[in-house]
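Have a look at the structure below before the remarks.
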Amino acid sequence: MHPHLHTKDNGGCEEIMNALEECHARGFLWKSMGMCTDVKTQVNKCLRRERLERTAHNREVAKAKKEKINAIFAEIDANS
């Protein structure tokens with residue numbers, strides 16, 4: 057796999073990514089005959105799931121920050 061895919065954010069997919077690497081290591085004919093297609097699909101699904109989880113988490117963090125900033129500005133406006 058590409059080195060940038062092996063990060064802490066994709067730790068849940070490490071096992072399936074290693075399985076894909078092993079499949080690709082079997083050689084060109086193995087890959088060209090579509091023997092790695094199912095594993096590749098599983099990797100794609102896993103990476104998508106990981107990305108969606110990160111996106112949801114980041115959205116919640118951003119929402120909390122925005123609420124905090126809005127509360128600070130409301131307090132400033134009230135004291136002015």
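In my numbering, the protein residues as written are 57 to 136. A virtual CB, placed ideally from N, CA and C, is assigned to each residue, including glycine.
| Check | Outcome |
| --- | --- |
| Residue range of the alpha helix (DSSP H) that includes Ser88 | Phe84 to Ser88 |
| Per-residue burial, Met89 [other beta carbons within 10 Å of its own, 16 or more giving buried] | exposed |
| Straight-line Cα distance separating Asn74 from Ala81 | 10 Å |
| Inside the stretch 70-117 only - alpha helix (DSSP H) runs reaching at least 4 residues | 70-81 and 84-88 |
| Contacting residues, own chain, Cβ-Cβ under 7 Å from Met96 (five flanking each side not counted) | The identity of residue 96 in the sequence shown is Lys, whereas the question assumes Met. These residues qualify, in order along the chain: Leu76. |
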